[in-house]
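Okay, structure first, notes after.
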Amino acid sequence: MDERALAERLITYDTSKPDGIRACAGFVKGWLEAREIDVHDSTFGELPVLTADIGPSNGPTLVFHGHLDVVPGHSEQFSPRIEGDRLYGRGAYDMKGGLAAMMCAMRDLCEQDAVRVRFVCVPDEESEDIDTRSIDEIVRSGFPADFAITGEPTDLHVGVQAKGVLAFRLNVYGRSAHGSTPWLGDNAILKAHDVFRRIESLPFSRESSELFDRPSVNLGRIQGGDALNKVPDLCTMVVDIRYLPNQDPGEILEQIRSIPDIEVMKTFTRVPADVSRSNPYVIALVSAVGRLTSGESMSVGRDGASDAISFLQAGIPAVEFGPAGSGHHGPDEWVSISSLARYRQALCDFVAQLPAALERPEGLRALEGGLA
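Structural data, given as structure tokens:
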């Protein structure tokens, strides 16, 4: 089975739901085992986590990391379709196309005996449970590796930096009144709209960094009002800010808290991802990618966050690297079929060339990246 056909099969599973995740994980496990790759399955929050190793136990150790889960989609999005070089479907770009290519690369690399490759497939990268994630637990429990690739979509660029996450729930307070006399009240829902516009215009939102033009601010959820005939006196919003590597989330919250009639109730932060461009594994990966693509293949900044930060916080240098496409989380998500083949080849070339790259005399053994 080639990477396109495998990606099509993965897309047919509605992995926005637990039953679909479990069924898809069963297929992935069976596919790998049918190719004589031993798979260890465990559970995290009643969802399956898959890991598999190939290669020697004493060589350089790489991680191929992917996720099964997708954001919800319409039923027709789980019926993949092809138009030219584009494979459409929920998760095609984020990240079942990349996952399929990683699985094929694992099979391609089975016979090599110089590099240990660890495949990790998690069920909850897209989860709204921001406090606990399976990859954090896996890495925390002891998961030795020298370098990790998370297959998030990057258009065949090596993503060495990603924005941090500052998500929070805030209450906007107004004053209730009868719905027939709204001028006697202070409508919290209308105020919430103004509050969000103020957040978008705060000083932090106009800053930039080397790889990013600006942070992003998204109103993810809003809820207010408890009766049709009452002016709402409370509105709750969930705001998702992706802040820049040179910004302090504490300072951003301080600016937000200066807005009157609001209360920040709960916050979640995830630090930006940043790995040195001179890291020898990064250099070797960029070299492998560069032979298969044209133009710049490194130092792209990723607007979204990913599980790469879990490896970085454990001292394991990690990058985002995935196929080309567009529309992730949208109605017309697609992945480039030809890029899947190049992505698979780049992973295989990276592994094949890595031992020689690490033995070059330019000091490539001095590892950089992560927090270690």
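Just add 137 to wherever you are in the sequence shown, counting from 1, and you've got this note's numbering. Cβ atoms here follow ideal geometry from the backbone N, Cα and C, with glycine treated the same way.
| Item | Value |
| --- | --- |
| Taking the continuous beta strand (DSSP E) assigned at Arg-481, which residues delimit it? | It is not in any beta strand (DSSP E) - Arg-481 instead sits in the alpha helix (DSSP H) that spans 474–495. |
| For His-211, which three-state DSSP category applies? | coil |
| The beta strand (DSSP E) with Leu-429 in it runs from where to where? | Neither: Leu-429 is in no beta strand (DSSP E) and is coded neither H nor E. |
| Return yes when the C-beta of Cys-258 is under 7 Å from any heavy atom of the ligand ATP, and no when it is not. | You won't find the ligand ATP in this model; it holds no ligand whatsoever. |
| What number of angstroms, rounded off, separates the C-alpha of Gly-157 from the C-alpha of Asp-151? | 5 Å |
| Could you tell me whether the Cβ atoms of Asn-355 and Asp-377 are closer together than 8 Å? | yes |
| With H, G and I counted as helix, E and B as strand and the rest as coil, what does DSSP make of Glu-505? | Low confidence applies here, because Glu-505 scores a pLDDT of 49, under 50, leaving its location unreliable and the question unanswered by this model. |
| Quick one, are the C-beta atoms of Arg-351 and Ser-342 less than 8 Å apart? | yes |
| Just the Cα atoms here: how many angstroms apart are Val-510 and Thr-373? | In the structure as shown, the chain begins at 138 and stops at 509. Residue 510 is therefore absent and cannot be evaluated. |
| Measuring alpha carbon to alpha carbon, tell me which residue in Arg-497, Ile-446, Gln-482 and Gly-459 is nearest Pro-274. | Rather than Pro, the amino acid found at residue 274 in this sequence is Glu. Of the listed residues, the one whose Cα sits closest to Glu-274 is Ile-446. |
| Pull the bridge partners of Leu-184 from the DSSP assignment, please. | Phe-181 |
| For the candidate residues Pro-397, Leu-236 and Asp-440, whose alpha-carbon lies nearest to that of Lys-328? | Pro-397 |
| Mapping DSSP to helix, strand and coil, what is Glu-457? | strand |
| Given a cut-off of 8 Å on the beta-carbon distance, is the pair Gly-203 and Gly-182 in contact? | no |
| Decide if Lys-403 is buried, meaning its Cβ has at least 16 other Cβ atoms within 10 Å, or exposed. | exposed |
| Looking at Val-456 and Val-488, is the spacing between their C-beta atoms short of 8 Å? | no |
| I'd like the span of the alpha helix (DSSP H) that includes Glu-220, first residue to last. | Unbroken run through Glu-220 is the beta strand (DSSP E), 218–220; no alpha helix (DSSP H). |
| Among Gly-459, Gln-490 and Gly-464, which residue has its Cα nearest to the Cα of Leu-477? | Gly-459 |
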